[in-house]
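K.L.:
Below: one structure in C-alpha cells.
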Amino acid sequence: MNVYKKGNLYVVATPIGNLEDITLRALRILKEVDYILCEDKRITVKLLNKYEVKSKLISFHKFNELKSQENILLDLKCGKNIALVSDAGSPLISDPGTELVSLAYKNRIKVIPIPGASALISALSACPIKFNNFYFVGFLPDKASKRKEMISSFSQISALAVIYIAPHDLKKYIKEIYAHYPELEIFYSRELTKIYEESWHGQIKDFVGFVEEKEFKGEMVLVLNFQGVTSDKTEISEDELIEKMKEQIAKGQSLKEVSKLFAKEYNLSSKKLYNRYIKNNEG
Numbered sequence: 018m019n020v021y022k023k024g025n026l027y028v029v030a031t032p033i034g035n036l037e038d039i040t041l042r043a044l045r046i047l048k049e050v051d052y053i054l055c056e057d058k059r060i061t062v063k064l065l066n067k068y069e070v071k072s073k074l075i076s077f078h079k080f081n082e083l084k085s086q087e088n089i090l091l092d093l094k095c096g097k098n099i100a101l102v103s104d105a106g107s108p109l110i111s112d113p114g115t116e117l118v119s120l121a122y123k124n125r126i127k128v129i130p131i132p133g134a135s136a137l138i139s140a141l142s143a144c145p146i147k148f149n150n151f152y153f154v155g156f157l158p159d160k161a162s163k164r165k166e167m168i169s170s171f172s173q174i175s176a177l178a179v180i181y182i183a184p185h186d187l188k189k190y191i192k193e194i195y196a197h198y199p200e201l202e203i204f205y206s207r208e209l210t211k212i213y214e215e216s217w218h219g220q221i222k223d224f225v226g227f228v229e230e231k232e233f234k235g236e237m238v239l240v241l242n243f244q245g246v247t248s249d250k251t252e253i254s255e256d257e258l259i260e261k262m263k264e265q266i267a268k269g270q271s272l273k274e275v276s277k278l279f280a281k282e283y284n285l286s287s288k289k290l291y292n293r294y295i296k297n298n299e300g
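Heads up: the sequence shown begins at 18 in my numbering, then just goes up one per residue.
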C-alpha cells in the first residue's frame with residue numbers, strides 16, 4: 018500500500034500593479050510548486066515571464082471553483098504542492114479561494130500564507146485619517162436594495178469602512194453614499210503602485226463634483242470615515258412603519274405601492290417590507 022505525504026497549499030500574494038512588488042519567498046514558492054492556480058492566465062503569465070517562473074498555470078476562478086476543487090484536493094492528498102494566486106494582491110480578499118482553503122483545512126492539508134501586496138492595506142497605510150479600527154466591506158452588493166441597506170448600516174460601525182469599487186460603479190455609488198452621509202470624510206486611491214496612481218482626501222460633497230468631471234479606469238479603494246457618524250436618513254421602528262403603511266393603504270393605495278414608497282424613503286427592501294406587513298397582519 019502506497020502512503021503519500023500530503024502536499025501544501027500556498028496562498029501567495031502577488032503585485033497589485035507594479036510587478037516589482039513581489040517577495041523573494043513568493044517567487045521561490047511559485048517556482049517550486051507543482052502548479053499554480055490563478056484567476057486569469059493572461060494576467061498571471063506576465064508576472065511569471067518577468068521572473069522566469071516555469072510552473073504550470075491552471076485556471077481557478079469563481080465560475081469553476083466548486084467544480085475544480087475536488088481534483089485539486091486529490092492532488093494535495095497525493096503529495097503535490099500547489100500555489101493559489103489572484104489576479105492582483107492577496108488571495109481570498111474579495112477574490113475566489115475561500116471554499117478551497119476551507120476544504121484543505123477539513124482534510125488536514127497545510128495551508129501556508131505567503132504575504133505581500135494588498136490594495137486594502139496599501140490604501141490604509143497612505144490614508145491621512147487617524148483610526149484605530151476599520152471594517153473591510155469589499156465590493157458593495159449589485160442589487161440596489163441590498164446596497165442601500167448596507168450603506169445605511171455603516172453609521173453603526175464607528176470605524177473606517179474600506180470599499181472596493183469598479184470604475185463603472187463609482188459615480189452611482191458615491192451619490193448613494195452622499196445621500197446618507199453628506200458631511201462624510203473620505204480618502205480615495207486608484208491605480209495603486211501604477212504609473213497613474215491617484216489619491217484624494219476631503220469631504221464627500223466635494224468628491225461628488227470631482228468624480229463628475231472625469232472618467233475613471235481601474236479598480237479603486239474608497240475609505241469612509243464613520244467614526245462618530247450617523248446617517249442622515251430618519252430611523253423608524255417596525256411598529257411605526259407598519260402603522261404608516263396602514264394609513265396609506267386606508268387612503269386607497271395598494272400594499273405593493275406602499276411597500277415601494279416606504280422602501281425608498283427608509284432604504285429598505287420593498288419585498289421584505291411587503292412580506293413583513295403581511296406577517297404582521299396575519300390572523
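Note that beta-carbon positions come from the ideal geometry of N, C-alpha and C, so glycine has one too.
Quick caveat, the model's predicted, so the values are computed rather than measured.
1) When the Cβ atoms of the segment 202-209 are set against those of the segment 226-242, are three or more pairs found closer than 8 Å?
2) What separation, rounded to the nearest whole angstrom, lies between the Cα atoms of Ala183 and Val70?
3) According to DSSP, simplified to helix, strand and coil, what is Glu202?
4) Judging by CA-CA distance, which residue of Leu109, Glu202, Leu141 is the nearest neighbour of Val225?
5) Nearest by alpha-carbon distance to Leu285: which of Lys163, Asn66, Tyr190 is it?
6) Near Val275, what residues of its chain come up, given a Cβ to Cβ distance below 6 Å and the 5 sequence neighbours on each side ignored?
7) Just how far apart, CA to CA, sit Lys67 and Val28?
8) Please classify His78: does DSSP put it in a helix, a strand, or coil?
9) What are the start and end residues of the beta strand (DSSP E) that includes Lys127?
10) Do Val179 and Val118 have their CB atoms nearer than 9 Å?
11) Please report how far the alpha carbon of His218 lies from the alpha carbon of Phe148, in whole angstroms.
12) Identify, in the order they occur along the chain, each residue of the same chain with its Cβ nearer than 8 Å to the Cβ of Ile33, setting aside the five sequence neighbours on each side.
13) What span of residues does the alpha helix (DSSP H) with Gln265 cover, start to end?
14) Confirm, please, whether the CB-CB distance from Leu74 to Ile53 is below 9 Å.
15) Are Leu93 and Asn150 touching if we call contact CB-CB under 9 Å?
16) Mind reading off the beta-carbon distance from His197 to Ser169? Whole number of angstroms is fine, and I expect it under 8 Å.
17) Just the C-alpha distance for Ala30 and Ser254, rounded to the nearest angstrom, thanks.
18) DSSP three-state call for Lys23: helix, strand or coil?
P.N.:
Here's the rundown:
1) yes
2) What you label residue 183 is simply residue 166 of the sequence shown in a count that begins at 1. What you label residue 70 is simply residue 53 of the sequence shown in a count that begins at 1. For Ala183 and Val70, the distance between alpha carbons rounds to 30 Å.
3) Stepping through the sequence shown from its first residue, residue 202 is reached at position 185. Three-state result, Glu202: strand.
4) Taking the first residue of the sequence shown as 1, we reach residue 225 at position 208. Of Leu109, Glu202, Leu141, the residue nearest in Cα terms is Glu202.
5) Counting from 1 along the sequence shown, the entry for residue 285 is found at position 268. It is Lys163.
6) Taking the sequence shown and counting its residues from 1, the one referred to as residue 275 is at position 258. Here the set comprises Met262, Gln265, Ile266.
7) Residue 67 sits at position 50 when you count from the first residue of the sequence shown. Residue 28 sits at position 11 when you count from the first residue of the sequence shown. If you take the alpha carbons of Lys67 and Val28, they lie about 20 Å apart.
8) Translated into the one-based positions of the sequence shown, residue 78 becomes position 61. His78: coil per DSSP, three-state reduction.
9) Position 110 of the sequence shown, counted from the start, is the residue given in the question as residue 127. First-last of the beta strand (DSSP E) with Lys127: 127-131.
10) By 1-based counting over the sequence shown, the position of residue 179 is 162. By 1-based counting over the sequence shown, the position of residue 118 is 101. No.
11) As a working mapping, residue 218 is identified with position 201 in the sequence shown. As a working mapping, residue 148 is identified with position 131 in the sequence shown. Answer to the nearest angstrom: the Cα atoms are 15 Å apart.
12) Here residue 33 is taken as the residue at index 16 of the sequence shown, counted from 1. Answer for Ile33: Ala105, Gly106, Ala134, Ser135, Ala136, Ser139, Leu209, Thr210, listed in chain order.
13) Taking the sequence shown and counting its residues from 1, one reaches residue 265 at position 248. Here the alpha helix (DSSP H) through Gln265 covers 255-267.
14) Position 36 of the sequence shown holds residue 53. Position 57 of the sequence shown holds residue 74. Yes, they are a contact pair.
15) Taking the first residue of the sequence shown as 1, we reach residue 93 at position 76. Taking the first residue of the sequence shown as 1, we reach residue 150 at position 133. No. Outside cutoff.
16) Along the sequence shown, one-based indexing puts residue 197 at 180. Along the sequence shown, one-based indexing puts residue 169 at 152. Sure, about 6 Å apart at Cβ, within 8 Å.
17) Taking the sequence shown and counting its residues from 1, one reaches residue 30 at position 13. Taking the sequence shown and counting its residues from 1, one reaches residue 254 at position 237. Rounded to the nearest angstrom, the two C-alpha atoms are 45 Å apart.
18) In the sequence shown, the residue the question calls residue 23 occupies position 6. Here Lys23 sits in coil by DSSP.
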